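> Below you will find the structure I want to go over with you.
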Amino acid sequence: MIVGVGQVSERIGEPGYRGMSAADLAAAAVRAAVADSGGDAEAVIAALDTVVAIRAFDDSSAFARPALGAPDNVARAVAGRVGAHPRRAVLGPTGGQGPQQLVTELCGAIADEKCDAAVLFGAEAISTVRDLAGRPAADRPDFGERVEGSLEDRGYGIEGMTPAQAVLHQMVEPLVSYSVLENARRARVGASRPEYARAMAALFSRFSAVAARNPHAAAPVARDAAELIEENDRNRRVTDVYTRLLIAREQVNQGAAVLIMSLATARRLGVPGERMVFLAGHADLTERELLVRPDLSRSPAAVAAVRSALDMAGVTVDRLSAMDLYSCFPIAVFNICDGLGLDPDDPRGLTATGGLPYFGGPGNNYSTHAIAEIVARVRDRPGSHGMVVANGGVLSKHSVGIYTTTPATWERSRASTVQAELDDVPGVPVAVHADGWGTVESFVVRFDRDGSRVGIVLGRLDDGRRFLANTLERDGGLMDALTGDGQPIGERVFVRSTDAGNRVTVDRERMDELLGRTVPAFRDDYSHALVTRSGHVLEVTIDRPETGNALNAAAQRELDEIFTAFQHDDDLWVAVLCGAGEEAFCVGHDLGEMASPMQLLGRPRSGFGGLVARELTKPVIAAVNGRADGGGLELVLACHLVVADDAASFALPDTGIGQSPGPGVLIRLPRTVGRALAHDMIVTGRRIDATEAVAAGLVARLAPTGKALAAAREMAADVVARSPVAIRAALSFLARTDHAADPEGPIGRPADLLDDLIPHRDPVEGLTALREGRKPQWHTRFQ
């Protein structure tokens with residue numbers, strides 16, 4: 001049971017403000033929880049065998065960094081501050097569901113006699129850090145510290161939270177994604193834009209009134225509904241749905257802690273019975289990734305989690321005396337109300353804290369405060385039940401707890417069957433490259449401070465696949481429809497795929513007017529390539545010898561342009577691709593210009609080098625001199641024929657810098673050289689020479705050192721001596737055979753691979769270590 005809860009907070013400029021770090025705030029919250037238990041403080045702290053820290057906001061993804069530093073083991077740093085020496089220390093995952101999920105886990109560990117006493121805590125000092133980070137360096141404190149001791153790091157746990165398609169189309173920020181859900185719900189309930197805005201404001205006005213009475217609230221001001229949606233300098237519009245006062249407030253200095261014990265331990269330590277609160281019901285369920293959800297206006301997993309937890313506790317929602325529904329955005333609350341039949345104006349209130357926009361949204365730790373408030377409420381009314389509903393991601397991960405002072409025997413989760421039923425509902429297929437007519441399913445328009453607007457549309461193509469697309473900058477008509485008082489959902493639109501993502505307009509004519517369909521012709525000069533043509537043969541030389549012919553984004557787009565022109569030039573029958581200099585054919589991506597694997601999204605739709613994902617209708621020959629590494633090997637595999645000189649070699653160094661080889665390698669290499677050799681090269685980075693490459697079937701012909709291009713020219717001469725129609729017919733047949741079961745489909749969808757890399761730290765660490773000239777510090781688990 002829970003025997004103690006504690007909360008601390010401070011606001012800049014108010015009496016008693018100390019500018020505490022997040023670790024100091026967390027330690028203060030732990031001390032408050034220990035005092036709240038009513039037991040002997042020293043004995044309680046000495047009994048703690050497990051400490052669990054909620055992951056800080058500035059450590060919630062591989063791209064986040066604490067501006068003023070942070071402990072490298074925050075769980076033990078806080079334990080040390082309060083004098084605890086736990087056997088076990090845990091750092092939880094990213095997500096607002098974390099506090100309730102971990103409380104449930106700790107209660108289960110105690111029930112299984114794996115733990116006697118534990119404390120969960122979290123804190124954010126975002127307001128303080130932002131204030132201090134803007135000061136001169138000499139006036140900034142260093143909150144970093146090195147702490148010895150073991151740590152179970154649960155990793156970020158954000159798989160599926162930031163799909164590459166969402167990144168490409170600027171739909172990553174929560175306020176943008178939640179606006180999409182909000183607009184879908186508005187269409188479902190049949191509300192006009194003003195009506196829906198008033199409903200959101202009425203809901204959150206009641207939340208602000210609770211925050212006004214909460215001493216720990218970051219914004220303790222009661223606001224009426226009109227004030228929440230009135231646009232002014234302090235309440236600017238951030239999307240077509242939200243003004244600033246309707247969204248979670250992250251600039252807070254808050255900490256909270258929950259102390260959990262077995263009944264025997266609590267009694268031994270003298271904890272009074274009236275301090276004991278039991279977790280009578282619980283459930284943890286997950287929603288599928290946003291882009292494949294059948295209904296963008298609902299999260300059935302959230303509602304199912306509440307029902308499962310209530311069922312376990314043996315109570316109905318009508319019997320709850322208090323509740324706190326996660327409230328990062330209005331739809332998180334409306335979704336529960338819709339599913340349970342709750343009145344948004346329920347006299348019991350839907351928040352115990354004041355909600356994330358007004359109490360504050362302390363990163364992943366908000367629901368620790370909610371638990372503290374609900375524990376206090378049920379203590380005040382012995383025998384009553386209170387509920388905490390926690391949410392992570394974009395209505396993605398849901399954790400629910402039912403609390404009561406009435407002793408309750410611990411029960412294991414009953415949610416596995418419910419989760420299986422949720423997962424069995426067919427998802428919506430997604431069109432990565434969307435072309436043709438479709439219908440608007442939902443949308444959002446983001447407003448930036450400079451007055452610019454970005455429109456994002458989710459829709460269904462006529463074949464049923466869902467697409468994600470951006471509006472075009474000069475398409476004022478569609479933008480007006482998305483921001484007006486009408487309802488664009490259900491309207492017909494036209495979408496076209498581009499290298500930069502999908503684009504959407506009102507019709508095909510407008511698309512052609514704004515985007516056009518021009519086929520590039522060869523230029524006289526390129527910055528990163530040399531192009532010559534001789535009869536029916538095109539020679540393309542990657543001209544970046546100083547980088548090992550590594551390709552940056554500009555070079556890739558030039559090659560894409562060149563090979564597109566080649567495809568459409570009927571007088572060219574074959575192309576030869578080579579690298580300038582003697583050291584390398586191509587060593588892959590120019591890592592000197594990469595800070596994140598997300599930059600891979602900037603490559604052309606035709607794949608790395610404008611070639612890897614292209615449907616080639618004419619033969620391309622690779623003339624390999626020197627190294628063909630990483631993306632260079634991917635280019636080789638994309639070509640129909642390969643000539644290599646004696647000095648050529650082939651390797652995949654990608655995993656050595658925390659990356660994965662590209663889809664073109666992972667799919668084509670095993671089919672070309674065999675599974676055993678392919679896995680050896682992919683996993684160990686093994687380099688093979690030209691002779692072994694010939695034996696493995698990767699290279700068609702060998703040439704003396706420095707003569708690969710000459711040999712490729714001879715091969716090209718053999719090609720042009722034959723019927724171009726017959727050759728193209730043969731290549732098309734081979735391509736159809738390869739695609740019979742769509743074995744290469746993922747090559748044109750690098751997002752599938754990136755989604756597995758983005759949530760983890762090693763890709764960024766590998767690039768950082770490379771730039772800093774040091775050995776990477778790999779992590780033993782995915783995170």
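Counting in UniProt numbering, the sequence shown runs from 1 upward without gaps.
All residues carry an ideal CB built from backbone N, CA and C; glycine is no exception.
All figures in this text were calculated on a predicted structure; none of them were measured in a lab.
Kindly give me the distance between the Cβ atoms of L246 and M200, rounded to whole angstroms, as I take these residues to be in contact under 8 Å.
Rounded, the Cβ-Cβ distance is 6 Å, consistent with contact.
> Could you tell me which of R185, A730, A622, D311 sits nearest to A442, measuring between CA atoms?
What sits at residue 442 in the sequence shown is Ser, not Ala. Shortest Cα-Cα distance from S442 to any of R185, A730, A622, D311 involves R185.
> Does the beta-carbon distance from L320 to G386 come in below 8 Å?
yes
> For V74 and E145, what's the separation of their Cα atoms in angstroms?
9 Å
> Helix, strand or coil: how does DSSP classify M261 here?
strand
> Have a look at G83 and I45 and give me their C-alpha separation to the nearest angstrom.
7 Å
> How would you call Q777, buried or exposed, if buried means at least 16 neighbouring beta carbons within 10 angstroms?
exposed
> Keeping to the same chain, check which residues put their C-beta closer than 6 Å to that of V445; ignore five residues upstream and five downstream.
D240, R453, G455, L482, T483
> Pull up the distance between the alpha-carbon of A211 and that of Q251, whole angstroms please.
15 Å
> Considering E287, what are the terminal residues of the alpha helix (DSSP H) in which it resides?
Unbroken run through E287: none, as it is neither H nor E.
> Just to confirm before moving on: does the CB-CB distance between L458 and L472 stay below 8 Å?
8 Å or more divides the Cβ of L458 from the Cβ of L472.
> How should R379 be labelled, buried or exposed, when 16 other C-beta atoms within 10 angstroms of its C-beta is the threshold for buried?
Result: buried.
> Within a Cβ cutoff of 6 Å, which residues of the same chain sit near V30, ignoring the five residues on either side of it in sequence?
Excluding its 5 nearest sequence neighbours in each direction, V30 has C-beta neighbours in its own chain below 6 Å: V82, V119, F121, A257, listed in chain order.
> Please tell me whether S308 and A283 are closer than 8 Å, where the distance is taken between their beta carbons.
yes
> Is the CB-CB distance between V90 and E152 below 8 Å?
Their beta carbons are under 8 Å apart, which means V90 touches E152 by this criterion.
> Quick check on the DSSP output: the alpha helix (DSSP H) that includes A313 runs from which residue to which?
Per DSSP, A313 belongs to the alpha helix (DSSP H) from 300-313.
> Judging by CA-CA distance, which residue of P653, F204, G190, Y17 is the nearest neighbour of T353?
F204
> In whole angstroms, what is the alpha-carbon distance linking R781 and A70?
Low local confidence applies: a pLDDT of 46 at R781 is under 50, so the model's placement there is unreliable, and no value is given.
> Applying the 10 Å Cβ sphere with the 16-neighbour rule, what's the burial state of P619?
With 16 or more other Cβ atoms inside 10 Å of its own Cβ, P619 counts as buried.
> Could you work out which residue in A22, L702, T684 is closest to E692 when comparing CA atoms only?
L702
> Whose C-alpha, out of Q254, R18, S179, is nearest the C-alpha of S297?
Nearest in C-alpha terms to S297, of all of Q254, R18, S179, is S179.
> Out of curiosity, what's the CA-to-CA distance linking Q783 and A62?
With a pLDDT of 40 at Q783, under the threshold of 50, the modelled position of this residue cannot be trusted; read the value that follows with caution. Going by the C-alpha atoms only, they are around 8 Å apart.
> Since R605 contacts S723 with CB under 8 Å, what's their CB separation in whole angstroms?
Incorrect: roughly 30 Å between the Cβ atoms, too far for contact.
> Do R503 and N470 have their CB atoms nearer than 8 Å?
yes
> Candidates L611, L616, G588: which alpha carbon is nearest A628's?
G588
> Check the DSSP bridge columns for W437 and list the partner residues they point to.
F494
> Does DSSP put L472 in a helix, a strand or coil?
coil
> Would you call the CB atoms of R249 and R236 closer than 8 Å?
no
> Near residue 829, what residues of its chain come up, given a Cβ to Cβ distance below 6 Å and the 5 sequence neighbours on each side ignored?
There is simply no residue 829 to check, as the chain begins at 1 and stops at 783 in what is shown.
> Taking Cβ positions, are E287 and A301 nearer each other than 8 Å?
yes
> Can you give me the start and stop residues for the beta strand (DSSP E) that T505 sits inside?
501-505
> Taking DSSP as the reference, what is the three-state secondary structure of F782?
At F782 the pLDDT is 39, less than 50, meaning the model places this residue with poor confidence; the figure from the coordinates comes in the next sentence. Of the three classes helix, strand and coil, the one that applies to F782 here is coil, per DSSP.
> Tell me which residues share the same chain as T316 and place their Cβ nearer than 8 Å to its Cβ, disregarding the 5 neighbours each side in the sequence.
L310
> Output the residue ranges of the beta strand (DSSP E) runs that lie fully inside the segment 359-401 and measure 3 residues or longer, sorted by chain position.
385-392
> Can you list the beta strand (DSSP E) stretches of 3 or more residues lying completely in the segment 71-145, in chain order?
Qualifying beta strand (DSSP E) stretches, in chain order: 88-91, 117-125.
> Could you pull the DSSP bridge partners for R701 from this structure?
V643
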